[in-house]
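For the protein sequence lines, the chains are L and V, in the order given. If you count by the numbering used here, then the first sequence holds residues 75 to 417, one letter each, in order. If you count by the numbering used here, then the second sequence holds residues 75 to 417, one letter each, in order. The next block holds one structure in the form of structure tokens; read it before the comments.
2 protein chains.
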Amino acid sequence: MDETMRGVILHAPGDVTVEDRPVPHVIDPTDAVLKVEIACICGSDLWPYRGLQPVEESPMGHEYIGTVVEIGSDVKNVKVGDFVVGSFCLSDNTCEICQSGYPSRCVNGGFMGDTQAQYTRVPQADGTLVVVPGGKPDDPEVLASLLAASDVLGTGWFGAVAAEAGPGKTVAVVGDGAVGLSAVLAAKALGSEQVIAFSRHEDRAALAREFGADVVIAERGEEGAAKVKELTGGLGAHSVVEAVGNQVSMDQAIASCRPGGHVGFVGVSHDQQIDGGSLFFSEVHLHGGPAPVRRFLPDLIDRILKKEINPGKVFTLRLPLEQAAEGYKAMDERRAIKVLLEV
Amino acid sequence: MDETMRGVILHAPGDVTVEDRPVPHVIDPTDAVLKVEIACICGSDLWPYRGLQPVEESPMGHEYIGTVVEIGSDVKNVKVGDFVVGSFCLSDNTCEICQSGYPSRCVNGGFMGDTQAQYTRVPQADGTLVVVPGGKPDDPEVLASLLAASDVLGTGWFGAVAAEAGPGKTVAVVGDGAVGLSAVLAAKALGSEQVIAFSRHEDRAALAREFGADVVIAERGEEGAAKVKELTGGLGAHSVVEAVGNQVSMDQAIASCRPGGHVGFVGVSHDQQIDGGSLFFSEVHLHGGPAPVRRFLPDLIDRILKKEINPGKVFTLRLPLEQAAEGYKAMDERRAIKVLLEV
């Protein structure tokens, strides 16, 4: 195995480089090390990139698929050579919180990092990784879709589940980033009757339609919510996914939802204050947080291998890892929906 | 029928009188008029009484039981002579929102008023009122409990249902007012495994225990939440009812709940801001609002008539209607949990 690898480092807002770093090895007996197959950049990576949250110099990335190259002595569920997908949230998948469906808040959990690199160390490997049946697929579209399952698809899926999307429901999705588009795909895959996307970018609106949106609304804020009410007999959507994480998007999501309906929020919250009185009189259900992707992974992998869903289409730009800086720039300038990095 | 009646008027903060007013009559064909049996004062009446929300000179009260004395031409479900309980929320009980379980947000709805009086007009009578089987009970405790069902019990019950209280669950209740105590009763009646109340007033703590609380915690805020975690293996309660409506109570409720758990909030929200980031990482479910009491009324009436529950115990002071001012004062000074007015 190599002694050094290439990996992405964020030094300061706007300053991304790819550098030589030591290949990681098992530290704790519950760790595994993966040779990363393909990597990608997340919308949430843009928060520090834009200087909208404090930045320390740090390796980047938390989405990953790859081949197990090393395991700790306690690891039982994966072995060297397995091709795996993991969640961006680490989990033992055995604690009471995991078992209740929230591996994203495992009592022994944490967040994955340092995956925009050739190798990565995965703590809590047994509870975090899922082996892809049949081994590594050849089809690059399937690989891209499996990578998407690691976070962006799993997060959009959780948004749709938290919003109780499903048969008979009208589902509105606020946010046309990769998570919002994945939520559109999820809402449709879960059998929702009508899916409404919000977008004013033709490329994103087109992908929303391809993923199953029946209607795309260009209006935002109160006007956007008014459009949803127009489409739903004045009542509002049964289910709304908030996939941005700011004040406008949350207010729009709550205003688009009918009384007794469900808002699933999965945009990482930044400076959001939810007015208690508005929430009280809206009488919606509100649920969200870091997505418990591990809960959904076996089902998502199955749907991807059967080609029922093709979430990898959110990757509209592919670059070699060495050009990660250009990848960040393209996402920041919204020239790409999501960037895949070839390792 | 009398031409004038006595009724409570709030003129300004702290200024309550009982005055002669015209007896109300049917205005709309969907109205009914009731001869009020007993009336009461709600914790939410204290907000304007304390000047914590804008006050216009207005008749008071929204909880009621009584005998139908007049009906509009469209009223089919109740007839003159029926003894009825109604919700504080008006509802047609037929619209899509009512049918989905939220009569509190009926498209033709509104709020009841002017019930601290000898007679009261109930709009949307067919969808708002429920006839008490067997007619007017003789037992004054049963009458008090039926009156409680109109709002305070129904609201506590909704809090417990919104928090998904039930078998196997540990339920914490923030707030030792009449609604919080009713939520304790509801959590127990719904079969919860462990019920935790917060109170530092011995009379309220005693009633909480009588209503089914297994533990009463005196600590508040972060210390209170820490106590709940101590009692639940470090995880937090499965279900938390927020029955106050201010910032401290909401923060305490969210902090007391485990990831994936449910917070039901039924305290009328005043100047609450819920931090999106804290809510996101708490990963709780949040649901509340004006209680859809009509949904629960038939079940609550049945449980009361069978004496399975005795929610009327929240009335710790009985006064004649003429002494309403003293009733407001006693509740404001927390000398009484809830005041019943004999009409």
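Ideal Cβ positions, reconstructed from N, Cα and C, are used throughout, including at glycine. As the structure is a computational prediction, the values presented were derived from the model and not from experiment.
Outcome for Ile378/V when other beta-carbon atoms lying within 10 angstroms are tallied against a minimum of 16: The residue labelled residue 378/V in the question sits at position 304 within the second sequence. Its Cβ being crowded by 16 or more others within 10 Å, Ile378/V is buried.
Closer than 8 angstroms at the beta carbon, the chain L residues around His359/V: Looking up residue 359/V in the second sequence gives position 285. Here the neighbours are His359, Leu360, His361.
Reduced DSSP secondary structure (H/G/I, E/B, other) of Ala191/V: In the second sequence, the residue the question calls residue 191/V occupies position 117. Three-state DSSP puts Ala191/V in a strand.
Residues in the segment 174-200 of chain L having any Cβ partner in chain B nearer than 8 angstroms: Here chain B cannot be found, since the structure's protein chains are L and V.
Below-8 angstroms beta-carbon distance, Asp349/L vs any chain V residue: Translated into the one-based positions of the first sequence, residue 349/L becomes position 275. When Cβ-Cβ separations below 8 angstroms define contact, Asp349/L makes contact with chain V.
Cutoff 8 angstroms: Leu217/V Cβ touching any chain L Cβ: Translated into positions along the second sequence, residue 217/V becomes position 143. Taking Cβ atoms only, chain L never reaches closer than 8 angstroms to Leu217/V, which makes this a no.
Residues that Val342/L contacts on chain V, provided the C-beta gap is smaller than 9 angstroms: As a first step, residue 342/L must be located in the first sequence, where it is residue number 268. Going along chain V in sequence order, the residues near Val342/L (Cβ under 9 angstroms) are Gly351, Phe354.
The alpha helix (DSSP H) enclosing Thr390/V, as first and last residue numbers: The residue labelled residue 390/V in the question sits at position 316 within the second sequence. Taken as a continuous stretch (DSSP letters only), Thr390/V belongs to no alpha helix (DSSP H), being part of the beta strand (DSSP E) at 389-394.
CA-to-CA distance, Leu360/L to Ala329/L, given in whole angstroms: Along the first sequence, read from residue 1 onward, the residue named residue 329/L stands at position 255. Along the first sequence, read from residue 1 onward, the residue named residue 360/L stands at position 286. Rounded to whole angstroms, Ala329/L to Leu360/L spans 12 angstroms at the Cα level.
Interface partners of Gly346/L on chain V, CB under 9 angstroms: Counting from one through the first sequence, the residue named residue 346/L turns up at place 272. Rather than Gly, the amino acid found at residue 346/L in this sequence is Gln. Those are Ile348, Asp349, Gly350, Gly351, Leu353, Phe354, listed as they occur along chain V.
Per-residue contacts from Ile171/V into chain L (C-beta, under 8 angstroms): The sequence position of residue 171/V within the second sequence is 97, counting from 1. By Cβ distance, chain L contributes Leu309, Arg332, Pro333, Gly334.
Which of helix, strand or coil DSSP assigns to Tyr324/V: On the second sequence, residue 324/V is found 250 positions in, with the first residue counted as 1. Inspection of the sequence shows that residue 324/V is occupied by Met rather than by Tyr. Met324/V: helix per DSSP, three-state reduction.
Distance between Leu374/L and Gly338/L (C-alpha atoms, nearest Å): Mapped onto the first sequence, residue 338/L falls at position 264. Mapped onto the first sequence, residue 374/L falls at position 300. Going from the Cα of Gly338/L to the Cα of Leu374/L covers about 19 angstroms.
For Ser219/V, three-class secondary structure by DSSP: Residue 219/V sits at position 145 when you count from the first residue of the second sequence. Residue state, collapsed to three classes: helix.
C-beta neighbour in chain L for Met324/V, strict 8 angstroms: Locating residue 324/V in the second sequence gives position 250, where the first residue counts as 1. Yes - at least one Cβ of chain L is within 8 angstroms of the one on Met324/V.
Cβ pair Ala239/L, Ala261/L closer than 8 angstroms: Within the first sequence, the letter at position 165 stands for residue 239/L. Within the first sequence, the letter at position 187 stands for residue 261/L. Taking 8 angstroms as the Cβ cut-off, Ala239/L and Ala261/L qualify as a contacting pair.
When Val235/V, Thr189/V, Lys153/V are compared against Pro366/V, the one with the closest alpha-carbon: Along the second sequence, read from residue 1 onward, the residue named residue 366/V stands at position 292. Restricting attention to Val235/V, Thr189/V, Lys153/V, the CA atom closest to the CA of Pro366/V is found in Val235/V.
CB contact flag (Gly233/L, Val340/L, <8 angstroms): On the first sequence, residue 233/L is found 159 positions in, with the first residue counted as 1. On the first sequence, residue 340/L is found 266 positions in, with the first residue counted as 1. In contact: Gly233/L and Val340/L (Cβ atoms closer than 8 angstroms).
Those residues which DSSP pairs with Thr229/L across a bridge: For the purposes of this step, residue 229/L is taken as residue 155 along the first sequence, with counting starting at 1. According to DSSP, Thr229/L bridges with nothing at all.
Reference Pro197/V, options Gly242/V, Pro98/V, His275/V, closest by Cα: As a working note, residue 197/V is residue 123 in the second sequence. Among Gly242/V, Pro98/V, His275/V, the Cα nearest to that of Pro197/V belongs to Pro98/V.
Rounded Cβ spacing between Gly228/L and Leu371/L (contact assumed at less than 8 angstroms): For the purposes of this step, residue 228/L is taken as the residue at position 154 of the first sequence. For the purposes of this step, residue 371/L is taken as the residue at position 297 of the first sequence. The Cβ separation is near 7 angstroms, so the contact holds.
DSSP-derived helix/strand/coil call for Ser343/V: Residue 343/V sits at position 269 when you count from the first residue of the second sequence. Ser343/V: coil per DSSP, three-state reduction.
Straight-line gap, Gly117/V to Glu407/V (C-alpha atoms, nearest Å): Locating residue 117/V in the second sequence gives position 43, where the first residue counts as 1. Locating residue 407/V in the second sequence gives position 333, where the first residue counts as 1. Each residue's alpha carbon lies about 12 angstroms from the other.
Through-space distance from Gly254/V to Ala404/L, alpha-carbon basis: Along the first sequence, one-based indexing puts residue 404/L at 330. Along the second sequence, one-based indexing puts residue 254/V at 180. Straight-line measurement puts the Cα of Gly254/V at about 53 angstroms from the Cα of Ala404/L.
Three CB pairs or more closer than 8 angstroms across the segment 311-331 of chain V and the segment 178-192 of chain V: no
Of the listed residues Leu164/V, Gly230/V, Cys169/V, nearest to Leu203/V (C-alpha basis): If you number the second sequence from 1, residue 203/V lands on position 129. Here the closest residue by C-alpha is Leu164/V.
Helix, strand or coil at Asp277/L [DSSP, three-state]: What you label residue 277/L is simply residue 203 of the first sequence in a count that begins at 1. Three-state result, Asp277/L: helix.
The segment 210-219 of chain V touching the segment 274-294 of chain V, judged by at least three CB pairs closer than 8 angstroms: no
Endpoints, the beta strand (DSSP E) within which Pro96/V is located: In the second sequence, residue 96/V corresponds to position 22, counting from 1. Pro96/V -> beta strand (DSSP E) spans 89-96.
Alpha-carbon to alpha-carbon, His136/L and Met79/L: Position 5 of the first sequence, counted from the start, is the residue given in the question as residue 79/L. Position 62 of the first sequence, counted from the start, is the residue given in the question as residue 136/L. Going by the C-alpha atoms only, they are around 17 angstroms apart.
First and last residue of the uninterrupted beta strand (DSSP E) at Thr425/V: Since the first and last residues shown for chain V are 75 and 417, residue 425/V lies out of range.
Which of helix, strand or coil DSSP assigns to Gln268/V: Along the second sequence, read from residue 1 onward, the residue named residue 268/V stands at position 194. If DSSP states are grouped into helix, strand and coil, Gln268/V belongs with the strands.
For Phe185/V, the residue or residues it bridges with in DSSP: Position 111 of the second sequence, counting from 1, holds the residue named residue 185/V. For Phe185/V, which the question treats as bridged, DSSP gives the partners Cys163/V.
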